[in-house]
Amino acid sequence: MAYSDFQLEIYLNGLTGALPPYSVDPAKLQETARSLLEEGPYWYVAGSAGSGETDAANRAAFLRRAIVPRMLRETTERDLSTELFGRTYPAPLALAPIGVQSIVHPHGELATARAAASLGLPTILSTASSHTLEEVAEAGGPRWYQLYWPHDDEVTLSLLERARKSGYDTLVVTLDTFTLAWRPNDLDRSYLPFLRGTGLAIPLSDPVFRSRLERPVEEDLDAAIMAWAPMFNGRAHTWDQLPLLRDNWDGPIVLKGIQHPDDARRAADAGMDGVVVSNHGGRQVDGALGSLDALPGVVAAVGDRLTVLFDSGIRTGADVVKALALGARAVLLGRPYVWGLACGGEDGVRHVVRALLADLDLTLGLAGFRTPAELDPSILEER
Ligand SMILES: Cc1cc2nc3c(=O)[nH]c(=O)nc-3n(C[C@H](O)[C@H](O)[C@H](O)COP(=O)(O)O)c2cc1C
Ligand SMILES: O=C(O)C(=O)c1ccccc1
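In the numbering used here, the protein residues as written are 99 to 481.
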């Protein structure tokens, strides 16, 4: 089945009076999610750092680039399949690591992983998850593990071992969030899920982390949270520490949060396999450049040595086409799938991803292309 068949399915269902259960427009879905959620969780997801300048810059960077469609070309049979780190996926898309998903739906990361599995796409499980590595693995699909790197090497090694045992094959190390940025929406509501114990399922179920506590988690959750905070937050790691991860993870390692070409070069020199060009959806350094504007420089620096992935601002099929044209091998979908989760759990996430893939498939074909590999910067113009 082609991804674009979702379009026909929706129109055919309409003949019997059945409308899609959720909007296919990401902005409308976000409005529905807003009506269902409390203010704290809604703004935790929707909000960004500071004045929201970088969040806006992410979208502006897409709007400044335009696709120039080509006509009279054979594009009927399209193929979106994409190889990443030696494994072939059906489309150039993964679900971004997003923590604390239980604040929007009780099934949280389990629902997300099941939706991703049903589509054969990788789910990237955050260390700040509301469910354990082992629980989420039961969804059965392709899975990558996103490390928030603890300042305790034995805990780090324990997390890597658990991920390996549970079948996560790719390690994503997020570098841009060693501490949370200044986030006015959350500060004004004093809303921080971790301090209430949400999003700590992975460390709290970790035998080495638990061995660090004076009293069992079940008897003193507050003390466990206070032990977690300095171990996972507050200080950056440095380049000289990367060998610990390289020496203890057999699969691909991807550094997430890269924006500068020199950092991308250092990642390659350190034996990493990929980078995610990302500014964390504008949630960290407010005033940072739009992530799509950082992509060409990183691709020029390391495109021949590393797999370059991209996120921050992907909302439509055209956005995916633009990021692929600028050299990303695949993109990560962020907030839009969380709105799907809020509206309909697993089904809602699947709806959002299917809609994006249908839009991508149609846009690719209508622009005159059959595969992601045919895209390059010459198909875009600045406006
Ligand atoms: C609510 C929320 C929680 C997030 N949690 C994590 C996380 O735990 N680990 C991580 O690497 N990135 C996290 N991110 C960042 C995403 O992986 C991704 O970089 C970002 O959502 C992309 O921006 P976009 O949603 O505007 O497209 C989070 C983003 C949001 C919105
Ligand atoms: O909120 C975030 O952006 C984020 O990355 C995060 C960090 C720690 C725990 C949960 C989410």
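Glycine included, each C-beta is placed from N, C-alpha and C at the ideal position.
- 8 angstroms or more divides the Cβ of A215 from the Cβ of A189.
- Judged by beta-carbon spacing, L342 lies beyond the 8 angstroms limit of D304, meaning their Cβ atoms are not closer than that value.
- For Q244, the enclosing beta strand (DSSP E) has its first and last residue at 241 to 245.
- Beyond the five residues adjoining it in sequence on each side, F467 comes within less than 7 angstroms, by CB distance, of T173, L473 in the same chain, given in chain order.
- Beta-bridge pairing by DSSP links V202 to no other residue.
- Rounded to the nearest whole angstrom, the CA to CA distance from T461 to L353 is 30 angstroms.
- Inter-segment contact for the stretch 400 to 417 and the stretch 156 to 174 is present: three or more beta-carbon pairs are separated by less than 8 angstroms.
- Here the alpha carbons of I351 and Y142 stand approximately 28 angstroms from one another.
- Non-local beta-carbon contacts of L178 in its own chain, meaning distances under 6 angstroms to residues more than five positions away in sequence, involve A189 in chain order.
- Following the DSSP letters along the chain, one finds G138 inside the alpha helix (DSSP H) bounded by residues 137 to 144.
- Under the three-state reduction of DSSP, Y109 is assigned to helix.
- Relative to the Cα of T230, the nearest Cα in the group V202, R176, T296, A398 belongs to T296.
- Distances from the alpha-carbon of R403 to those of V373, Y187, V436 put V373 closest.
- CA-CA distance, A235 to T336, rounds to 30 angstroms.
- With a beta-carbon spacing of about 6 angstroms, A428 and A192 fall inside the 8 angstroms limit used to define contacts.
- Distance between V450 and L161, taken at the CA atoms: about 21 angstroms.
- Contact between the stretch 237 to 255 and the stretch 303 to 319 is present: 3 or more CB-CB pairs across the two stretches fall below 8 angstroms.
- The alpha-carbon of R176 is positioned some 9 angstroms away from that of P470.
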